[in-house]
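Heads up, the thing below is written out as structure tokens.
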Ligand code: ADP
Ligand code: ADP
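Residue numbers (full-length UniProt numbering): 2 to 240.
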């Protein structure tokens, strides 16, 4: 079964701009999908629609077969737990340590008294440390997030997303703030960790060469519409 399905999805902003215009596609387990297109094409509108950072104005978005556009309360939280997110600007809590950032992202701790007091259960701590070692951040557990380089900050962002054990990983321009060598390391890590777990990955990228190097499938957007959906090979053949 597909992990993510867009059925005729549109998003019209209040100013009348069509962020998404009748978009339909499905993503399957193990797929690594790059969404590309010029600035303003609708890439971030698409990603933000998936976990309902905003509501769409038409169509349906199914997460593991369930309509997230209709979900509320506990059901919505349950569906969102299936979706990990990695951001261009990392979205870390800079006064907290690396380990705390990874634990903090874990649903439930975010607003709980335990989380605020920094009391995390041993099992979660072991899991977080395991993931941080997997991405070579084992030596920085107690470093303040503020004191990390950009590439290291993004590794913490990756660890936090995988801590959630998502079935779908959304990455919004994950390397746009990084130099080329850090960018390669980060893309390699996202790819390796997603493949190992056979989750579906949807990555917004504006670099077409990076998209072609990693993605099994490329979705091209322009003015809110899908103008290409195929393999990197088919993309270069068509150009
Ligand atoms: P991309 O991520 O590909 O650069 P966006 O999804 O950010 O594109 O934007 C798609 C279109 O929607 C653009 O024309 C943009 O100006 C518009 N847009 C994005 N967010 C808003 C908003 N909150 N209100 C109005 N228009 C928006
Ligand atoms: P939503 O429909 O998702 O709630 P809104 O249309 O309320 O989003 O937009 C939220 C705010 O963000 C608006 O005040 C809008 O003007 C502003 N905004 C953000 N990005 C853009 C953009 N690219 N173009 C126009 N307005 C934007």
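Heads up, the beta-carbon is just placed ideally off N, CA and C, and yes, glycines get one too.
To which residues of the same chain is residue 8 closer than 8 Å at the C-beta, ignoring the five residues directly before and after it? 25, 60, 61, 62 and 63.
What's the gap between the Cα of residue 195 and the Cα of residue 170? When rounded, the distance between both Cα atoms is 8 Å.
Would you say residue 221 touches ligand 1, meaning its beta carbon is less than 7 Å from a heavy atom? Taking non-hydrogen atoms of ligand 1 into account, the C-beta of residue 221 is found less than 7 Å away from none of them.
Is it the case that the CB of residue 44 approaches a heavy atom of ligand 1 more closely than 7 Å? Flag set: Cβ of residue 44 near ligand 1.
Looking only at DSSP bridge pairs, what is residue 1 linked to? Summary: the structure shown does not reach residue 1, with the chain confined to residues 2 through 240, and so no result is reported for it.
Once you ignore the five residues that flank residue 30 on each side, which residues in its own chain have a CB closer than 8 Å to its CB? Cβ contact annotation for residue 30 (same chain, cutoff 8 Å, sequence separation greater than five): 4, 168, 199, 200 and 201, in chain order.
Pop quiz: residue 251 and residue 219 are said to be a contact at Cβ under 8 Å. What is the actual Cβ separation, rounded to whole angstroms? Nothing can be reported for residue 251, as the shown portion of the chain is limited to 2 through 240.
Taking C-alpha atoms, which residue in 92, 121 and 184 lies nearest to residue 100? Of the candidates 92, 121 and 184, the one whose C-alpha sits nearest the C-alpha of residue 100 is 121.
Mark residue 173 as exposed unless 16 or more other C-beta atoms lie within 10 angstroms of its C-beta, in which case mark it buried. With 16 or more other Cβ atoms within 10 Å, it is buried.
Per DSSP, what kind of secondary structure is residue 1 in: helix, strand or coil? Any property of residue 1 remains undetermined from this structure, which presents the chain solely from 2 to 240.
Among all the DSSP beta bridges, which residues are the ones paired with residue 8? For residue 8, which the question treats as bridged, DSSP gives the partners 61.
Which parts of the stretch 152-219 are runs of the beta strand (DSSP E), unbroken and 3 residues or longer, counting only runs that do not cross its ends? 169-173 and 201-205, all fully within the stretch 152-219.
Inter-residue spacing [alpha-carbon to alpha-carbon] between residue 246 and residue 190: This structure does not reach residue 246, given that the chain is present from 2 up to 240, and the question cannot be answered.
Is it right to say residue 52 is buried, meaning 16 or more other beta carbons lie within 10 angstroms of its own, or is it exposed? Looking at its Cβ environment, which holds 16 or more other Cβ atoms inside 10 Å, residue 52 is buried.
Is it buried or exposed, residue 205, if we count other Cβ atoms within 10 angstroms and call 16 or more buried? Flag for residue 205 reads buried.
Does the Cβ of residue 60 lie closer than 7 Å to at least one heavy atom of ligand 1? Taken from the Cβ of residue 60, every heavy atom of ligand 1 lies 7 Å or farther away.
If the criterion is Cβ atoms closer than 8 Å, does the pair residue 192 and residue 33 meet it? Yes; because the gap between Cβ atoms is below 8 Å, this pair is in contact.
Given the structure, does residue 228 come close to ligand 1, in the sense that its CB is under 7 Å from one of the ligand's heavy atoms? Remark: the C-beta of residue 228 is outside contact range of ligand 1, defined as less than 7 Å to any heavy atom.
Are the stretch 6-23 and the stretch 40-51 touching by the rule of at least three beta carbon pairs closer than 8 Å? Under the three-pair Cβ rule at 8 Å, the stretch 6-23 counts as touching the stretch 40-51.
Nearer than 7 Å: is that true of the beta carbon of residue 203 relative to any heavy atom of ligand 1? Checking every heavy atom of ligand 1 against the Cβ of residue 203, none is found closer than 7 Å.
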